[in-house]
Each structure stands twice: as C-alpha cells, then as structure tokens.
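Colleague: Once you've had a glance at the structure underneath, I'll fire off some questions.
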Amino acid sequence: MKKLAAFYFTGTGNTLYIVKRICEKLSAQYLSELIDVTQKGDLSKKLEGADLILLAFPIYGSAPPIPMREFVAKYGGSLKGKRIAIAETQYFFSGDGAASLGRAVEKCGGAVIAAEHFNMPNNLADSTIFPVKNGKELEKTLLRAQKRADKFAQNILEGKCARRGFGVFSHAVGYFCQRKFFRKNEAEKRKKLAIDPKKCVSCGLCAQKCPVGNLKKESGKIVPAGKCVLCYRCVNLCPQRAITLVGKNPPKAQYRGFRDTESRH
Ligand SMILES: Cc1cc2nc3c(=O)[nH]c(=O)nc-3n(C[C@H](O)[C@H](O)[C@H](O)COP(=O)(O)O)c2cc1C
33 MKKLAAFYFT GTGNTLYIVK RICEKLSAQY LSELIDVTQK GDLSKKLEGA
83 DLILLAFPIY GSAPPIPMRE FVAKYGGSLK GKRIAIAETQ YFFSGDGAAS
133 LGRAVEKCGG AVIAAEHFNM PNNLADSTIF PVKNGKELEK TLLRAQKRAD
183 KFAQNILEGK CARRGFGVFS HAVGYFCQRK FFRKNEAEKR KKLAIDPKKC
233 VSCGLCAQKC PVGNLKKESG KIVPAGKCVL CYRCVNLCPQ RAITLVGKNP
283 PKAQYRGFRD TESRH
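Set out below in structure tokens:
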C-alpha cells in the first residue's frame with residue numbers, strides 16, 4: 033500500500049468533505065492520513081515517506097487561503113521531488129485557483145500531477161449578491177462535486193495527468209478578474225471582522241471553533257486578535273448571527289456546512 037498525506041484547510045467543511053471523498057476513492061492503492069494545516073506542531077514528519085501529497089483548500093478571490101500559503105512557505109523544502117495533487121473548492125469561479133498554489137509548489141520543486149476545481153456550496157453568508165443555501169437545495173451541487181472527486185481520484189489511480197487552471201488564459205482570468213484586487217485588500221478585509229455587542233452573548237463558540245485562534249474571550253467579551261484568515265466559520269456558526277466579515281449586514285441565512293455530521297464544526 034502506498035502512502036498519501038492529505039493536507040487541507042477548511043473554513044466551513046466543504047474542502048474536508050471533498051478530501052474525504054478523494055481519499056476514499058484512492059484507498060484502492062493508498063493509505064491516507066488527513067492533516068489539518070492549522071494543527072499545532074511540526075508537520076514535516078507527516079511529509080516523510082509520502083508517495084503522494086494532496087493539498088486541498090477553499091479559494092478566496094482566486095487566491096489560496098493564508099494557512100495554505102503559510103504551509104507551502106514553511107514546508108516547501110520538503111515538497112521537492114514529491115508527487116502533488118491539488119484540490120480547490122469554490123462556489124463557482126476562480127480561473128486558476130488550483131494553479132495559484134500549484135505554481136508555488138512547483139517553485140519548490142514539487143511535481144503537480146493532478147489539479148481540480150470543485151464547485152461547492154457558498155459560505156459567504158454576509159454577501160448580498162450570493163444567497164446561502166442548505167439541505168435539499170444543495171443535493172445537485174454535491175452530486176456533481178462527488179462525481180468530479182471520483183473522476184479526479186480515478187485519474188490519479190490510472191496515472192492520467194489532468195491539471196485544471198494551469199493554462200495561460202486561466203491564469204490571466206484568475207489574476208485580472210479577482211486575485212489582483214483581492215490580495216491588494218486582503219489585509220483590510222482581515223481587520224473587518226465585527227462582532228455586534230448588542231447581539232453577542234459571549235457564549236464563546238466562535239472562540240472555541242476559530243481554526244487559527246483569532247477570537248479570544250477577555251473579561252467576558254469576545255475580542256479578535258487581528259489574525260483572521262477570512263474562513264467565515266464564525267460568521268456561519270454564531271447562534272446570535274452577531275458576526276460580520278467582508279459584508280456589512282449580518283447573515284440572513286447561515287451556511288450549516290457539514291457541521292451536523294462533522295464534530296469539528
Ligand atoms: C473570503 C471568501 C472569498 C471567496 N471567494 C470565492 C471566489 O473567488 N470564487 C468562488 O467561486 N468562491 C469563493 N468563495 C466561496 C468558497 O471558496 C467556497 O464556498 C468553499 O467551498 C468553502 O470551503 P470550506 O467550506 O472548506 O471553507 C469565497 C469564500 C470566502 C469565505
């Protein structure tokens with residue numbers, strides 16, 4: 033049995049869902065270990081002896097999320113000569129989402145043997161443009177994503193190399209339509225996380241679930257530490273709908289993600 037190390041970042045569970053599906057399908061040849069890149073400690077040991085590395089993440093404005101970029105920056109040296117597969121989840125568009133991390137991986141000497149984009153439910157709950165859906169409304173989206181995950185895994189098993197998002201056109205579209213502007217304002221957006229003091233009851237759920245320890249309870253109040261990575265977990269989880277991030281209005285509906293079935297959400 034070969035070894036697969038699946039490194040992922042997820043805000044609201046979409047990416048973890050896809051990672052599990054891919055690993056399940058790869059289990060014919062690979063024994064997989066799932067590793068959350070936000071977990072504490074040295075992750076380089078997990079890369080050792082891996083025959084295949086899966087890097088999976090949600091796309092934010094055609095850019096990989098900060099924890100994933102930090103992972104590649106920190107462990108890039110250990111990716112040299114490794115076979116890498118990239119799975120990027122998105123609501124509907126990224127242009128070159130997978131390649132936006134893939135190029136950094138290749139600079140480190142990793143060989144990207146497969147890359148795919150998976151359309152998944154929207155988690156931008158405070159957006160006024162894109163509505164958040166849950167439950168039965170998502171059945172078709174999930175079915176399509178499952179099929180794509182199965183095909184992605186099958187291609188890997190058969191040694192077929194398909195790399196979505198690596199063409200020149202995809203690169204230009206991803207950069208000029210989104211990433212250029214998103215990255216320029218990323219630091220501003222990170223500071224935008226707002227907790228409505230009239231609504232917040234300091235239950236502490238957001239602090240408990242924040243993947244990067246950005247939210248802390250201090251003197252009975254929830255306080256951000258300026259480390260927000262824009263994952264929207266807290267916005268979607270807050271029982272009082274007291275948290276907003278990029279949008280101005282509190283969410284009309286929250287994305288429940290896979291938290292009914294996943295203990296970490
Ligand atoms: C800050 C932010 C920016 C996003 N930008 C995009 C985008 O450019 N294109 C897109 O299709 N989806 C975008 N999305 C949607 C997410 O990428 C998508 O819902 C993803 O599957 C969430 O994965 P997760 O549940 O693993 O966190 C964005 C979401 C967030 C929170």
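Going by my numbering, the first residue of the sequence shown is number 33, and it counts up by one from there. Each residue gets a CB set at the ideal place from its N, CA and C atoms; glycine is no exception.
1) Can you look up I161 in the DSSP assignment and give me helix, strand or coil?
2) So the candidates are G43, Y123 and E65; which of them puts its Cα closest to the Cα of P99?
3) Given 8 Å as the limit, is there contact between the segment 276-292 and the segment 157-177, that is, 3 or more CB pairs closer than that?
4) In this structure, does DSSP put F290 in helix, strand or coil?
5) Can you tell me whether S295 is helix, strand or coil according to DSSP?
6) Less than 8 Å between C-beta atoms, sequence neighbours within five positions excluded: which residues of the same chain meet that for V137?
7) Tell me which same chain residues have a C-beta within less than 6 Å of the C-beta of D182, skipping the five on either side of it?
8) Using only the alpha-carbon positions, how far apart do Y49 and E220 sit?
9) By Cβ distance below 8 Å, which residues in the same chain neighbour V267 in space, the five residues on each side in sequence not counted?
10) Could you tell me the distance, in whole angstroms, from the CA atom of G245 to the CA atom of K259?
11) Take the Cβ of L189 as the centre, count every other Cβ of all protein chains shown within 10 Å, and call the residue buried at 16 or more, exposed below.
12) Using the three-state DSSP reduction, which class does A239 fall into: helix, strand or coil?
13) Which of the three DSSP states is assigned to Q151 in this structure?
14) If you reduce the DSSP assignment to three classes, tell me which class R196 lands in.
15) Would you tell me roughly how many angstroms separate the C-alpha atoms of R135 and G252, rounded to the nearest one?
16) Can you tell me whether I161 is buried or exposed? The criterion is at least 16 other CB atoms within 10 Å of its CB, across all chains shown.
17) Give the straight-line distance between the Cα atoms of R215 and C209, rounded to the nearest whole angstrom.
18) In whole angstroms, what separates the C-alpha of A37 from that of G236?
19) At a cut-off of 7 Å, is N154 close to ligand 1 when judged by its beta-carbon and the heavy atoms of the ligand?
20) So does C235 have its beta carbon nearer than 7 Å to some heavy atom of ligand 1?
21) Take the Cβ of G73 as the centre, count every other Cβ of all protein chains shown within 10 Å, and call the residue buried at 16 or more, exposed below.
22) Which runs of the alpha helix (DSSP H) spanning at least 4 residues fall entirely within the segment 98-123, listed in chain order?
23) Between G197 and A146, how many whole angstroms is the CB-CB distance? I'm expecting something under 8 Å.
24) Would you say the beta carbon of Q210 comes nearer than 7 Å to a heavy atom of ligand 1?
25) Is it the case that the Cβ atoms of N151 and Q178 are separated by a distance below 8 Å?
Modeller: Inspection of the coordinates gives the following:
1) Position 129 of the sequence shown, counted from the first residue, corresponds to residue 161. Coil.
2) Against the sequence shown, residue 99 aligns to sequence position 67. Minimum Cα distance to P99 is reached at G43.
3) yes
4) Taking the sequence shown and counting its residues from 1, one reaches residue 290 at position 258. Three-state result, F290: coil.
5) In the sequence shown, counting from the first residue as 1, residue 295 sits at position 263. Unreliable positioning characterises S295 in this predicted model, as indicated by a pLDDT of 42, which lies under 50. A coordinate reading is not provided.
6) Position 105 of the sequence shown, counted from the start, is the residue given in the question as residue 137. For V137, where only same-chain residues beyond five positions count, the Cβ hits under 8 Å are L87, V104, G108, L111, I116, I118 and V144.
7) Indexing the sequence shown from 1 puts residue 182 at position 150. Excluding positions up to five away in sequence, the list reads K57.
8) What you label residue 49 is simply residue 17 of the sequence shown in a count that begins at 1. What you label residue 220 is simply residue 188 of the sequence shown in a count that begins at 1. In a straight line, the C-alpha of Y49 is about 30 Å away from that of E220.
9) The residue given as residue 267 occupies position 235 in the sequence shown. Closer than 8 Å at Cβ, skipping near neighbours: A157, D158, I275, T276, L277, P283 and Q286.
10) On the sequence shown, residue 245 is found 213 positions in, with the first residue counted as 1. On the sequence shown, residue 259 is found 227 positions in, with the first residue counted as 1. Rounded to the nearest angstrom, the two C-alpha atoms are 8 Å apart.
11) Start at 1 with the first residue of the sequence shown, and residue 189 comes out as number 157. Exposed is the call here.
12) Residue numbering aside, residue 239 sits at position 207 when the sequence shown is read from its first letter. A239: helix per DSSP, three-state reduction.
13) What you label residue 151 is simply residue 119 of the sequence shown in a count that begins at 1. Correcting the residue type first, residue 151 is Asn in the shown sequence and not Gln. In this structure, N151 counts as strand in the three-state DSSP scheme.
14) Residue mapping note: residue 196 aligns to position 164 of the sequence shown, counting from 1. It is coil, neither helix nor strand.
15) The residue you call residue 135 lines up with position 103 of the sequence shown. The residue you call residue 252 lines up with position 220 of the sequence shown. Rounded to the nearest angstrom, the two C-alpha atoms are 44 Å apart.
16) Mapped onto the sequence shown, residue 161 falls at position 129. Under this definition I161 is an exposed residue.
17) As a position in the sequence shown, residue 215 is number 183, starting the count at 1. As a position in the sequence shown, residue 209 is number 177, starting the count at 1. One C-alpha to the other measures close to 12 Å.
18) Translated into the one-based positions of the sequence shown, residue 37 becomes position 5. Translated into the one-based positions of the sequence shown, residue 236 becomes position 204. The straight-line gap from Cα to Cα measures roughly 33 Å.
19) One-based indexing of the sequence shown puts residue 154 at position 122. Within the cutoff, so yes.
20) For the purposes of this step, residue 235 is taken as the residue at position 203 of the sequence shown. It does not: the Cβ of C235 is nowhere closer than 7 Å to a heavy atom of ligand 1.
21) Position 41 of the sequence shown holds residue 73. Exposed is the call here.
22) 98-107
23) Start at 1 with the first residue of the sequence shown, and residue 197 comes out as number 165. Start at 1 with the first residue of the sequence shown, and residue 146 comes out as number 114. At roughly 11 Å, the Cβ-Cβ gap does not stay under 8 Å, so G197 and A146 are not in contact.
24) The residue you call residue 210 lines up with position 178 of the sequence shown. Within the cutoff, so yes.
25) For the purposes of this step, residue 151 is taken as residue 119 along the sequence shown, with counting starting at 1. For the purposes of this step, residue 178 is taken as residue 146 along the sequence shown, with counting starting at 1. For N151 and Q178, no; Cβs fall outside 8 Å.
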